[in-house]
Every structure is written in structure tokens, then in C-alpha cells.
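First up is the structure itself, then whatever we jot down about it.
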Amino acid sequence: MRVISLGGGVQSTVMCLLAEQNEFGVKPDYAIFADTRWEPSSVYDNIEWLRSQVSFPIVTTSNGRSLRDDVINGVNAQGNPWMTLPVFLTERNGEPAGINWRQCTKNYKLDPIRRKVQELLGVKPRQSISTETHIEMWLGITTDEAMRVKPSRNWWISHRYPLIDDIPMDRDECKEWFDALYPERELTRSACVGCPFRSSSSWLDIRANEPDMYEEAVRIDAMFRSGEHNANRMFRKQAYLHYRRMPLEEAIELDHTEREVNGFNNECEGHCGL
Ligand code: SF4
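If you're matching positions, the sequence shown starts at 10 in our numbering and goes up one per residue.
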């Protein structure tokens with residue numbers, strides 16, 4: 010079985026459209042979109058549009074929870090008190106104190122996609138995988154993000170990188186290709202509304218296009234450092250959504266000319282931001 014991991018952003022969308030044109034040989038059997046239930050509406054719109062453009066099924070899955078609700082409630086995907094986002098941390102005296110361990114990608118994207126693949130194979134949750142099983146998972150990593158190429162964590166899944174090995178393209182080339190074919194449409198990086206890996210310019214986009222979601226992100230960011238929120242109560246550090254380690258609303262006003270912050274390069278196996 011061949012499966013596209015579909016984030017709904019620039020690269021995975023272009024990869025789907027190229028696959029539909031048979032540019033990578035045999036078409037994939039499925040594209041799977043893991044919905045964290047905290048994506049901007051532009052991503053959901055794009056997924057729906059893409060369904061009308063490709064002949065293979067686009068399947069939406071999730072872990073049954075809302076990352077937004079879990080972050081607000083200060084719990085992880087098991088409902089236990091925790092902070093799953095890679096928030097930026099300072100000591101109480103303001104000294105930078107690293108980034109929180111990211112669990113959201115695994116719990117809200119990787120695991121739901123793996124479980125959906127098992128379901129599509131007809132494998133029950135605790136059933137072992139046959140040694141004959143081989144899944145080829147296509148990830149939309151481009152040449153400029155090649156450091157994100159990583160082997161699969163599952164022996165029965167192997168990763169394939171069509172935008173590196175078949176038709177090498179960087180992210181800008183993907184955008185140019187798409188803009189030439191679909192000038193009336195716009196693609197953005199797929200990321201949860203409150204993803205700490207947003208650049209200031211990306212936050213400004215959210216503020217302009219999704220004002221309610223932006224206002225909520227500002228409130229959530231402030232919540233991390235106040236009252237009984239678990240990020241404040243448990244960590245003994247201050248947590249911020251913005252990489253400047255400042256309140257979100259202040260940080261994005263400072264400078265939004267920086268190049269895109271791409272913390273996805275750190276550890277993500279190609280399931281976020283594509
Ligand atoms: S887009 Fe950001 S917040 Fe969402 S799962 Fe990925 S790393 Fe986490």
C-alpha cells in the first residue's frame with residue numbers, strides 16, 4: 010500500500026497534485042490527513058478542494074481529541090496534566106530555558122496516521138502486523154528541508170520522499186509550480202493555529218485571516234503564565250508561544266521581516282508544516 014501523509018500545506022498539496030498526474034509512477038492508494046482539530050480554516054478548505062482534484066481517496070483521521078482543548082486544559086493526549094506543545098521557556102527570572110519537549114506531533118499526527126493505516130489494512134488495534142506487510146509512506150519534504158529525512162519508526166512502514174528523490178523541488182519551487190497552475194488559490198504552511206513554530210509573519214497572517222483564532226491564541230499564550238494552568242503550576246518556568254519568549258501580541262509587533270522560523274526541522278518526521 011502506498012500512502013501520502015497529507016498535512017494540507019504547500020509541499021504535501023503539490024505532491025498530491027503531481028501524484029495525480031502520475032509523476033511518481035503508480036498513484037498512491039490513499040492520502041491521510043491527521044486532524045489535530047486546531048488547524049486554520051485555510052487548511053481545512055484546502056483539504057476539501059484537494060478532494061475534488063485527485064482520484065485517490067483522501068482520508069481524515071484523528072486521535073479523537075482536540076489539541077486546542079487539551080492545550081487549554083493543560084493535559085496531554087491521555088488526559089493527564091501536561092504541556093504537549095514545543096513552547097519556548099524561560100526561567101522565572103526571564104533567562105531563556107530551552108524549548109518544551111514536543112509530544113503533539115507524535116500523539117496528534119504520527120500515531121493517528123499509523124492507526125488509520127492499520128485500519129485500512131484490516132489489522133485490529135492489538136493484532137500483530139504480518140511480516141508480509143509493507144507500507145510506503147510518501148512525505149512531502151523538499152530539498153531545502155532535507156535534514157528532516159528520517160527513517161520510519163515502524164519496521165513495516167518505509168518512507169519515500171518524492172520531492173527529493175523523484176522530482177527534486179524546494180518549497181519555493183513548489184509554490185511557483187502551484188501558483189502557475191492555480192493562480193486563484195493560495196497555499197500556506199500547514200500548522201496548528203497555536204503552533205509555536207510560527208514566524209511573526211505567519212502570526213500576522215493568522216491575525217488578518219482568522220482573527221477569532223488569533224485572539225484566542227493570545228489568550229492561551231497569556232494563560233500559560235497565569236493562574237492554575239498546568240504550564241504555570243507544573244513547570245516552574247514561563248511558557249510562551251512566540252520564539253521571542255514574549256507575550257504573543259507584543260512579540261509579533263517587533264519584527265516580522267525575519268525568515269520563516271522552521272522548528273519543524275528539529276525532530277519532526279515530516280508530518281507537520283508540509
Ligand atoms: S503543527 Fe505544531 S502544534 Fe501542531 S502538531 Fe505539529 S508541532 Fe505540534
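Each residue gets a CB set at the ideal place from its N, CA and C atoms; glycine is no exception.
Quick caveat, the model's predicted, so the values are computed rather than measured.
Nearer than 7 Å: is that true of the beta carbon of residue i relative to any heavy atom of ligand 1?
| i | result |
| --- | --- |
| Tyr-53 | no |
| Cys-281 | yes |
| Tyr-117 | yes |
| Pro-95 | yes |
| Arg-111 | yes |
| Pro-200 | For clarity, residue 200 is Ala in the given sequence; the question names Pro instead. Yes, ligand 1 has a heavy atom inside 7 Å of this Cβ. |
| Phe-233 | no |
| Phe-206 | yes |
| Thr-22 | no |
| Thr-45 | yes |
| Thr-114 | yes |
What does the Cβ neighbour count give for residue i, buried or exposed, with the cut at 16 atoms within 10 Å?
| i | result |
| --- | --- |
| Asn-82 | exposed |
| Arg-245 | exposed |
| Met-243 | exposed |
| Leu-59 | buried |
| Gln-20 | buried |
| Trp-110 | exposed |
| Pro-220 | exposed |
| Thr-152 | exposed |
| Asp-78 | exposed |
| His-143 | exposed |
| Trp-91 | buried |
| Trp-212 | buried |
| Thr-114 | buried |
| Asp-54 | exposed |
| Leu-257 | buried |
| Thr-140 | exposed |
| Asn-116 | buried |
| Leu-190 | exposed |
DSSP puts residue i in a beta bridge; with which residues?
| i | result |
| --- | --- |
| Ser-167 | Glu-145 |
| Leu-98 | Ala-248 |
| Val-68 | Ile-41 |
| Arg-77 | Note: Arg-77 sits in no beta bridge, so no partner. |
| Pro-105 | Thr-99 |
Would you identify the three-state DSSP class for residue i, choosing helix, strand or coil?
| i | result |
| --- | --- |
| Tyr-53 | helix |
| Leu-130 | helix |
| Pro-121 | helix |
| Ser-209 | helix |
| Ser-137 | coil |
| Ile-176 | coil |
| Arg-157 | helix |
| Arg-11 | strand |
| Val-84 | strand |
| Ala-226 | helix |
| Ala-189 | helix |
| Pro-90 | strand |
| Pro-220 | helix |
| Cys-204 | coil |
| Gln-112 | coil |
| Glu-32 | coil |
| Thr-22 | helix |
| Arg-46 | coil |
| Arg-242 | helix |
| Met-255 | coil |
| Ile-261 | helix |
Give a yes or no on whether the C-beta atoms belonging to residue i and residue j are separated by under 8 Å.
| i | j | result |
| --- | --- | --- |
| Gly-203 | Leu-148 | no |
| Ala-226 | Phe-233 | no |
| Leu-76 | Arg-46 | yes |
| Ile-150 | Leu-129 | no |
| Val-63 | Tyr-39 | no |
| Ile-122 | Thr-69 | no |
| Thr-197 | Asp-214 | yes |
| Ser-199 | Val-52 | yes |
| Val-96 | Ala-248 | yes |
| Ile-229 | Val-80 | yes |
| Lys-118 | Cys-281 | yes |
Counting only beta-carbon atoms, is residue i nearer than 8 Å to chain D?
| i | result |
| --- | --- |
| Ser-235 | In the displayed structure, chain D is absent; only one protein chain is listed. |
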